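Trainee: Numbering (our numbering), first residue to last: 56 to 242.
Each residue gets a CB set at the ideal place from its N, CA and C atoms; glycine is no exception.
Nothing here was measured: the structure is a model prediction, and the numbers come from that model.
Supplied in structure tokens, the structure appears directly below.
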Amino acid sequence: MIQMNETVKSILDRRSTRGFESEPLSDEIISVLEQCALASPTAMNMQSWHFSFVTDRDKISAVEKRVVELIHKSGDEAFISRMKERNNSVFYNAPLVIFISSDANSKWSAVDAGIAVENLALAAHSLSLGSVIIGMCASAFDGEEGELLGKELAFPETHKFQIALAVGKPTVSKDAHPTGENKISRV
């Protein structure tokens, strides 16, 4: 029988956290997360990603405000309703949001960003932190205003937003969602 190890336990135990203490994370913890980000594998070792570790509340709020504004302008009533249920919160008061951008011309950049964000989410969990992976802020980086926002977050000039991770000490916990075992086929 296979024994569970810490890596497998982290994968099985990790949950999305949608509520964080506002207390800043230590530089030591942020440094560990930075190392884990850079350790992420990439297609052909191209490393086309860039990680913006943002702790500036004003910058985080600016992205959140733009996302909420765009959602409300979208006319998607189901999405608007869901956002209202969550008090129009995108980053859930997280003291750290990691924005992953990558070269817009890199063929595998979205896959590489997905690998990196999972590395970071598992690393955060192993450090007793909560996290939530966020893709819904993509539209905030569209257009001229979005480009300026990307510059504010230190995105390299040729990069576009891929995905984000909000990280902090959790104030909420939840049970796992039911798994969809029918989503696996053995061939």
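At a cut of 8 Å, does the stretch 154-166 reach the stretch 202-210 through at least three beta carbon pairs?
Mentor: yes
Trainee: Work out the CA separation of residue 149 and residue 101 for me, nearest whole Å.
Mentor: 30 Å
Trainee: Express the C-alpha separation of residue 67 and residue 234 in angstroms, rounding to a whole number.
Mentor: 11 Å
Trainee: Can you tell which of 62, 134 and 186 has its C-alpha closest to the C-alpha of residue 226?
Mentor: 186
Trainee: Does the distance from the CB of residue 218 to the CB of residue 172 come in under 9 Å?
Mentor: yes
Trainee: Can you name, in chain order, every residue of its own chain whose Cβ lies under 6 Å from the Cβ of residue 193, other than the five neighbours on each side?
Mentor: 216
Trainee: Quick one: what does DSSP say residue 187 is sitting in, helix, strand or coil?
Mentor: strand
Trainee: Drop a sphere of 10 angstroms on the beta-carbon of residue 198, count the other beta-carbons inside from all chains shown, and report buried for 16 or more, exposed for fewer.
Mentor: exposed
Trainee: Candidates 196, 57, 179 and 138: which alpha carbon is nearest residue 90's?
Mentor: Cα-wise, what sits closest to residue 90 is 179.
Trainee: Taking the beta carbon of residue 232 as the centre, do at least 16 other beta carbons fall within 10 Å, making it buried, or is it exposed?
Mentor: exposed
Trainee: Measure the beta-carbon distance from residue 118 to residue 176 and round it to whole angstroms, keeping in mind my assumption that it falls under 8 Å.
Mentor: That belief does not hold up - the Cβ atoms of residue 118 and residue 176 are roughly 19 Å apart, past 8 Å.
Trainee: Since residue 223 sits in a beta bridge, which residues does DSSP pair it with?
Mentor: Paired residue(s): 185.
Trainee: The alpha helix (DSSP H) that contains residue 134, what's its start and end?
Mentor: 132-140
Trainee: Near residue 77, what residues of its chain come up, given a Cβ to Cβ distance below 7 Å and the 5 sequence neighbours on each side ignored?
Mentor: 148 and 150
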